[in-house]
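Each residue of the sequence shown is one higher than the one before, counting from 169 in the working numbering.
Built from N, CA and C at the ideal position, the CB exists for glycine as well.
Keep in mind the model is a prediction, meaning the values are calculated, not measured.
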Amino acid sequence: MHRHLLVPDAVEEVMAMHDEDIIITNREGRIIKVTEMSGLHYGLEPAALLGRSIYELEQEGVFTPAVTPQVIEQKKKLVLVQETATGKKMLITGMPVFDEQREVEYVISYSYEVSELMVIKEYLESLETEMDRVKGELAYLRGRQLPVNGIIAHSAQSERALRSAMKLAEYDAAMVIEGPRGTGKSLFAKLIHQNSARMDKAFIEVDCGAIPETIFNESFEGEGGYFSLAQGGTLVLNEIDQLSGRAQSMLEKLLVEKRDIRLIAISEASLEEHTQKGSFREALFYLLHVSLIRLSGLRERPEDLEAYLSQTIEELGDKYGDSKKLADPAYVHLLQLEWPGNFREVRNVLERSYLESEHDDIRLEDLPASYRPAKDEQVGIELEGRTLPHLLDAVEKKVLENAKKRYRTTTEMAERLGISQPSVVRKLKKHAIATGKDEDL
Numbered sequence: 169m170h171r172h173l174l175v176p177d178a179v180e181e182v183m184a185m186h187d188e189d190i191i192i193t194n195r196e197g198r199i200i201k202v203t204e205m206s207g208l209h210y211g212l213e214p215a216a217l218l219g220r221s222i223y224e225l226e227q228e229g230v231f232t233p234a235v236t237p238q239v240i241e242q243k244k245k246l247v248l249v250q251e252t253a254t255g256k257k258m259l260i261t262g263m264p265v266f267d268e269q270r271e272v273e274y275v276i277s278y279s280y281e282v283s284e285l286m287v288i289k290e291y292l293e294s295l296e297t298e299m300d301r302v303k304g305e306l307a308y309l310r311g312r313q314l315p316v317n318g319i320i321a322h323s324a325q326s327e328r329a330l331r332s333a334m335k336l337a338e339y340d341a342a343m344v345i346e347g348p349r350g351t352g353k354s355l356f357a358k359l360i361h362q363n364s365a366r367m368d369k370a371f372i373e374v375d376c377g378a379i380p381e382t383i384f385n386e387s388f389e390g391e392g393g394y395f396s397l398a399q400g401g402t403l404v405l406n407e408i409d410q411l412s413g414r415a416q417s418m419l420e421k422l423l424v425e426k427r428d429i430r431l432i433a434i435s436e437a438s439l440e441e442h443t444q445k446g447s448f449r450e451a452l453f454y455l456l457h458v459s460l461i462r463l464s465g466l467r468e469r470p471e472d473l474e475a476y477l478s479q480t481i482e483e484l485g486d487k488y489g490d491s492k493k494l495a496d497p498a499y500v501h502l503l504q505l506e507w508p509g510n511f512r513e514v515r516n517v518l519e520r521s522y523l524e525s526e527h528d529d530i531r532l533e534d535l536p537a538s539y540r541p542a543k544d545e546q547v548g549i550e551l552e553g554r555t556l557p558h559l560l561d562a563v564e565k566k567v568l569e570n571a572k573k574r575y576r577t578t579t580e581m582a583e584r585l586g587i588s589q590p591s592v593v594r595k596l597k598k599h600a601i602a603t604g605k606d607e608d609l
């Protein structure tokens, strides 16, 4: 094994020659020499390190792990990644200096910050794992229809969106699917792929916002990149509205080149509005926004919410091996809530309530506390003998009555309910709900 020998006079010479983070410790692990750069990454002045024990500094969390003890024990040069109290990642090299008896007398360590490199390394490792998973599924996916479950289309809005999706599936143009979180945008993308000429090819979804800018291009290009994986199939660009300006520019350049891929971009926000405001690149907008499907939130389509409540309760019964139902008051109350998280939020609340309930049905008291009605808002709508239109009419009236108590004007009511102000006025008159003189009618 190669041994490092360093005479005492050479120590000062070595330290003077390097404007880097270098620390020298003795065989007891006590720091005896530092450079001006030492301590910068640890949040300490160089002078504060002199005379300190490496073991104490490690115990205090200034850095972990310490390289010196390992070098002394193994008597060889070691390289490891160290994390500092300031949250930085350091690549530290520890090199032993031996005395005449071939025992470690000093340990010279020098380090470089590699925080960004570590982030990239971790991302590449996760990307490699994901690529392996996708490649393993490609053989299964090719030649088979992708199962598309869970699309609820009982409302007029959803039926229109479904018809648009089926029609657009026949064409190979790029398109955008917009809508609030949890409204089923990915399910619609799968439906379009399933009914397109590319149905027997790959369907690849990419969370654009999760890709570091430093390797954005590499993630899409080359063997194993997203373009390669989606070749001949459909590439879905999720969270397209979360891309930074620089990432948008890079994606625009990548998409200019003609490729055998169907592009579907998914966004919570309106890309057209972002483009008008200057926060989304106009050229990229025109590359993607050939066709548009806009999905509305559940509060705008009560028929879909009613169907989803029933469907989810049945699925939970199959999953947990029993047959609980929603009690009438709980059912009607859930129909009145706004559900900003849409289908995902509904599913979460129902499953939590299903597991918490100690009865054969799910009651108001089984709902999470934040979803229960206030005492003065208890509903009393019975379902027995009521048709769905009559039930929805009753729910609509109750929602308007509650909104009337909370908001001063019909404009505020309209904004909160997600409908137009004239619609609020018409519905108030329809249900004979009195309005005050101070309102903007």
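Linking Lys-445 to Arg-414 through their CA atoms gives a straight-line distance of about 17 Å. Counting along the chain, the unbroken beta strand (DSSP E) around Thr-252 starts and ends at 246–252.
Closest in alpha carbon position to Leu-585, among Glu-483, Gly-465, Leu-532, is Gly-465. If you keep only unbroken alpha helix (DSSP H) runs of at least 4 residues inside the segment 187–249, you get 214–217, 222–227, 236–242. For Ala-433, no alpha helix (DSSP H) segment is defined; the enclosing uninterrupted segment is the beta strand (DSSP E) at 430–435. Contact check between the segment 398–405 and the segment 371–379: three or more CB pairs, one atom from each, fall below 8 Å, which counts as touching. Contact check for Tyr-210 against Thr-252 passes: the beta carbons are separated by less than 7 Å. Close CB contacts of Leu-568 within its chain, under the 7 Å cut and outside five residues either way in sequence, are with Lys-595, Leu-596, His-599, Ile-601 (chain order). Collapsing the DSSP output to three states places Thr-577 in coil. Three or more Cβ pairs closer than 8 Å define a contact, and the segment 447–458 falls short of that threshold against the segment 491–506.
Per DSSP, the unbroken beta strand (DSSP E) holding Arg-462 starts and ends at 459–462. Within the model, the alpha-carbon separation for Ser-435 versus Lys-493 is close to 35 Å. In chain order, Leu-246 place their CB closer than 6 Å to the CB of Gln-238, counting only its own chain and leaving out the 5 sequence neighbours on each side. The residues Ile-345, Gly-347, Ile-434, Leu-463, in chain order, have a CB closer than 7 Å to that of Lys-353 in the same chain once the five nearest residues on each side in sequence are set aside. Membership of Lys-487 in the alpha helix (DSSP H) is indicated by the continuous run 470–488. The beta-bridge partner set that DSSP reports for Thr-261 consists of Val-247, Tyr-278. Taking the C-beta atoms as reference points, Ile-432 is found no nearer than 7 Å to Met-367.
For Ile-360, the enclosing alpha helix (DSSP H) begins and ends at 353–362. In this chain, the beta strand (DSSP E) harbouring Leu-405 covers 402–406.
In the DSSP assignment, the residues bridged to Ile-345 are Ile-434, Ile-461. Just so you know, the alpha carbons of Glu-204 and Ala-370 end up roughly 56 Å apart. In its chain, beyond the 5 residues on either side, no residue has a beta carbon closer than 6 Å to the beta carbon of Leu-212. Annotated as proximal: Ala-337 and Asn-363, with beta-carbon spacing under 7 Å. The residue among Glu-420, Ala-365, Lys-487, Gly-489 with its C-alpha nearest the C-alpha of Phe-388 is Glu-420. With contacts defined as CB atoms closer than 7 Å, Ser-591 and Arg-469 fail to qualify as a contacting pair. Per DSSP, Phe-384 is one residue of the alpha helix (DSSP H) stretching across 384–388. The Cβ-Cβ distance between Leu-330 and Ala-341 does not fall below 7 Å. By the C-beta density criterion, Thr-236 is buried, having at least 16 other C-beta atoms within 10 angstroms. Classified as buried, Asp-189 has 16 or more neighbouring CB atoms from the shown chains inside 10 Å of its CB.
Leu-355 is positioned such that its CB atom lies no closer than 7 Å to that of Ala-333. The C-alpha of Glu-506 is placed about 5 Å away from the C-alpha of Arg-467. In the DSSP assignment, Glu-450 falls within the alpha helix (DSSP H) that extends over 450–456.
Contact between Asn-510 and Arg-349 holds: CB atoms are separated by about 7 Å, below the 8 Å threshold. In the three-state reduction of the DSSP assignment, Glu-373 falls in the strand class. Excluding five sequence positions before and after Leu-460, the CB atoms of its chain that fall closer than 6 Å to its own CB belong to Val-344, given in chain order.
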